[in-house]
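Under my numbering, the residue at position 217 of the sequence shown is numbered 217, and the numbers go up by one with no gaps. Structure first, then comments.
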Amino acid sequence: MPGIEQCARCGGQRSEPDTQPEKCGNCGGTGELRRVQHSVFGQFVNVAMCDRCRGEGRVITSPCRDCRGRGVEERTRRLQVKFPAGVDDGAQMRLSGEGAVGQHGGGRGDLYIQIGVRPHKLFQRDGDDLIYHLELNIAQAALGIELDVPTLEEPEPLRIPAGTQSGEVFVVRGKGVPHLRGGGRGDLLARAQVLTPKNLSAEQKRLLEELAESLGTPGAADDKGILGRIKDALG
Ligand SMILES: [Zn+2]
Ligand SMILES: [Zn+2]
Numbered sequence: 001m002p003g004i005e006q007c008a009r010c011g012g013q014r015s016e017p018d019t020q021p022e023k024c025g026n027c028g029g030t031g032e033l034r035r036v037q038h039s040v041f042g043q044f045v046n047v048a049m050c051d052r053c054r055g056e057g058r059v060i061t062s063p064c065r066d067c068r069g070r071g072v073e074e075r076t077r078r079l080q081v082k083f084p085a086g087v088d089d090g091a092q093m094r095l096s097g098e099g100a101v102g103q104h105g106g107g108r109g110d111l112y113i114q115i116g117v118r119p120h121k122l123f124q125r126d127g128d129d130l131i132y133h134l135e136l137n138i139a140q141a142a143l144g145i146e147l148d149v150p151t152l153e154e155p156e157p158l159r160i161p162a163g164t165q166s167g168e169v170f171v172v173r174g175k176g177v178p179h180l181r182g183g184g185r186g187d188l189l190a191r192a193q194v195l196t197p198k199n200l201s202a203e204q205k206r207l208l209e210e211l212a213e214s215l216g217t218p219g220a221a222d223d224k225g226i227l228g229r230i231k232d233a234l235g
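Encoded structure:
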C-alpha cells in the first residue's frame, strides 16, 4: 500500500547526503528571536519563534533532491497481514507502528485497515450463520430426498423430509463462520425454495395433469372455491 515513508536518499535528514544543515544566522541557532521592548511599565523581553528556521535553529542549505528537503516520500510498501477468522464487513484492524513516518523524525503512526467482505456466490452471511438457498423441484419437496449441501469445506449430507414447503429452513450445525471471540462456529441454514416447473415436455404435462386430477385441483370449474362458498352462505 502507498504510504508516507522516510526518504531513502537522505534517511530523513532532509539535506543532500554529505552536506550538513547550517546554523541559522537569523537567530544564532537558538530558534528564538528575543526582542527587548520598552514601555511605560518598564522593559520586557518578547520571545518569538525564528521565522527563518521555524524554531529549529538550523537551516538546510542543500535540500535533498529526492524529497526536496521534506525528509519523507511517498512509497509503496508491502505488508503481510493475518486477518482473524470470523471478521465481518465494516470491521477495523489497527496495525500498531505501521502507519506514516512523522515529518520531523517522529515515530511511525498506526495503520488502520477497514475491512469489506465481498459477497459469496453461494452463501449469504447473517452474523456468524451462513444462509444457503436450496432449490428443490416439486417432486423432491413433495417426496423428500437425501442430498448434499455445499459448505465452506466438504459438502454435507442433508435429509429433506417429504412435504417440505418453500421457506423451511434446515440447519447444518457448526458449518457457519467461526466466532471471532471464543471457540465454535455459526450454523449453515439451508432455506428451501420449491421451484415451479416451466417448459414441460408432453410427458411431464400428462403426469402433472394426472396428479392434478388425483389431488382434486382447487379452482377448477366444478369447484366454487372459498369465495363461491362465502357467496352461497350469504345468499
Ligand atoms: Zn530526502
Ligand atoms: Zn533561526
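Even for Gly, the Cβ is constructed at its ideal location relative to N, Cα and C. Predicted, not measured: the structure shown is a model, and the values here were computed from it.
Here DSSP, grouped into helix, strand and coil, assigns Gln204 to helix.
With contacts defined as CB atoms closer than 9 angstroms, Leu111 and Arg94 qualify as a contacting pair. Lys175 counts as buried, since at least 16 other C-beta atoms from the protein chains shown sit within 10 angstroms of its C-beta. Within the model, the alpha-carbon separation for Gly97 versus Asn137 is close to 56 angstroms.
In the structure shown, Ile131 falls within a strand segment according to DSSP collapsed to helix, strand and coil. If you look at Ile4, you'll find it in the beta strand (DSSP E) that goes Pro2 to Gln6.
Distances from the CB of Val47 to the heavy atoms of ligand 2 are all 8 angstroms or more. Check the Cα spacing between Arg75 and each of Ile113, Ala8 and Val47: the tightest is with Ala8. The beta carbon of Val47 sits closer than 6 angstroms to the beta carbons of Glu32 and Arg34 from its chain, once the five residues preceding and following it are set aside; these are given in chain order. Excluding its 5 nearest sequence neighbours in each direction, Gly55 has C-beta neighbours in its own chain below 6 angstroms: Gly31 and Met49, listed in chain order.
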